[in-house]
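Taking it in order: structure first as structure tokens, then the write-up.
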Amino acid sequence: MTEKTPKKQRLLYEGFFDVKEDTFVDAQGKEHLYCSLIAKADGVVILPELAHHSFLLILEYRYPIHKKVLSCPGGRIDPQETPLQAAQRELLEETGYEAKEFLSLPAYYPFPSASNQKIHLFLARGLKKTSQPKLDPLESISLKTLHFKELLDWDYEKHPIDSVLPAALFYAELLR
Numbered sequence: 005m006t007e008k009t010p011k012k013q014r015l016l017y018e019g020f021f022d023v024k025e026d027t028f029v030d031a032q033g034k035e036h037l038y039c040s041l042i043a044k045a046d047g048v049v050i051l052p053e054l055a056h057h058s059f060l061l062i063l064e065y066r067y068p069i070h071k072k073v074l075s076c077p078g079g080r081i082d083p084q085e086t087p088l089q090a091a092q093r094e095l096l097e098e099t100g101y102e103a104k105e106f107l108s109l110p111a112y113y114p115f116p117s118a119s120n121q122k123i124h125l126f127l128a129r130g131l132k133k134t135s136q137p138k139l140d141p142l143e144s145i146s147l148k149t150l151h152f153k154e155l156l157d158w159d160y161e162k163h164p165i166d167s168v169l170p171a172a173l174f175y176a177e178l179l180r
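Numbering (the numbering used here), first residue to last: 5 to 180.
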């Protein structure tokens, strides 16, 4: 599709994202408005694998939905940091664990209809508890160890899952 963007407007900036409204002209010459979130940084998600097809996951309170969500450790990539360095840092900060091995899984865009943020996925193996988690002030996280089959029986109404978890599990299963 060939398009032009004659007008761009930053609507709001609050730190992690810009909210942007573009006016663009599609290939048929029709003008449209489109709002999107422009990420200030890409992110990382780590699927920490324990023995026997079990995973070290997190339950994290998410204010926009006012619920705890089952997810993987992760966060944004800081300036001057590689995705691998960010994955190592986030795993330690959110769980207190380090890993001997980080396998890079395919990166993906979790919400491409509204955001440009790319998520770099990693499978972490050879886990060792080395410290207590060091959470950010707005993080409310508890650790949850679950076997792959337990995820099939998970109470999704009580604790929804973050979209990063099925993506990470899918790519990790392709390695089996």
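Virtual Cβ for every residue (Gly too), placed ideally from N, Cα, C. None of the values given here were measured: they were computed from a predicted structure.
Legend entry - Identity of the residue in Ile123, Lys162 and Asp26 nearest Lys12 by Cα: Numbered from 1 along the sequence shown, position 8 holds the residue referred to as residue 12. It is Asp26 whose Cα lies nearest to the Cα of Lys12.
Inset, instruction - Could you tell me the distance, in whole angstroms, from the CA atom of Tyr175 to the CA atom of Leu109? - result: Residue 175 sits at position 171 when you count from the first residue of the sequence shown. Residue 109 sits at position 105 when you count from the first residue of the sequence shown. Approximately 6 Å, taken between the alpha carbons.
Inset, instruction - Starting from Lys153, follow the alpha helix (DSSP H) in both directions and report where the run begins and ends. - result: By one-based count along the sequence shown, residue 153 stands at place 149. Per DSSP, Lys153 belongs to the alpha helix (DSSP H) from Phe152 to Leu156.
Inset, instruction - Report the three-state DSSP secondary structure of Phe163 (helix, strand or coil). - result: Looking up residue 163 in the sequence shown gives position 159. Just to set this straight, residue 163 is His in the shown sequence, not Phe. Reduced to three states, the DSSP call for His163 is coil.
Inset, instruction - Tell whether a beta-carbon distance below 8 Å holds between Ser40 and Val168. - result: Walking along the sequence shown from the start, residue 40 turns up at place 36. Walking along the sequence shown from the start, residue 168 turns up at place 164. Their beta carbons are not under 8 Å apart, which means Ser40 does not touch Val168 by this criterion.
Legend entry - Distance CB(Val48)-CB(Ala172) smaller than 8 Å: In the sequence shown, residue 48 corresponds to position 44, counting from 1. In the sequence shown, residue 172 corresponds to position 168, counting from 1. For Val48 and Ala172, no; Cβs fall outside 8 Å.
Inset, instruction - Flag this pair as touching only if the region 89-99 and the region 65-75 have three or more C-beta atom pairs under 8 Å; answer yes or no. - result: no
Inset, instruction - Would you mind sorting His57 into buried or exposed? The rule is 16 or more other CB atoms within 10 Å of its CB. - result: The sequence position of residue 57 within the sequence shown is 53, counting from 1. Label assigned to His57: exposed.
Legend entry - Whole-number beta carbon distance between Glu64 and Ile145, since they are thought to touch under 8 Å: By one-based count along the sequence shown, residue 145 stands at place 141. By one-based count along the sequence shown, residue 64 stands at place 60. Correct: roughly 5 Å between the Cβ atoms.
Inset, instruction - Could you pull the start and end residues of the alpha helix (DSSP H) that Glu98 belongs to? - result: Taking the first residue of the sequence shown as 1, we reach residue 98 at position 94. Where Glu98 is concerned, the enclosing alpha helix (DSSP H) stretches over Pro87 to Thr99.
Inset, instruction - State whether the region 98-114 contacts the region 130-146, with contact taken as three or more CB pairs (one from each stretch) at a distance under 8 Å. - result: Verdict: yes, contact present.
Inset, instruction - Assuming Leu51 contacts Leu127 (C-beta within less than 8 Å), just tell me the rounded distance between them. - result: On the sequence shown, residue 51 is found 47 positions in, with the first residue counted as 1. On the sequence shown, residue 127 is found 123 positions in, with the first residue counted as 1. With a Cβ gap of about 5 Å, Leu51 and Leu127 count as contacting.
Inset, instruction - Determine the direct distance from the alpha carbon of Trp158 to that of Lys72, and round the result to whole angstroms. - result: Within the sequence shown, the letter at position 68 stands for residue 72. Within the sequence shown, the letter at position 154 stands for residue 158. About 13 Å.
Inset, instruction - Measure from the alpha carbon of Leu131 to the alpha carbon of each residue in Asn120, His124 and Lys104, then state which is nearest. - result: Translated into positions along the sequence shown, residue 131 becomes position 127. Among Asn120, His124 and Lys104, the Cα nearest to that of Leu131 belongs to Lys104.
Legend entry - Spatial distance of Leu155 from Pro10 (CA atoms): Stepping through the sequence shown from its first residue, residue 155 is reached at position 151. Stepping through the sequence shown from its first residue, residue 10 is reached at position 6. One Cα belongs to Leu155, the other to Pro10, and the distance between them is close to 47 Å.
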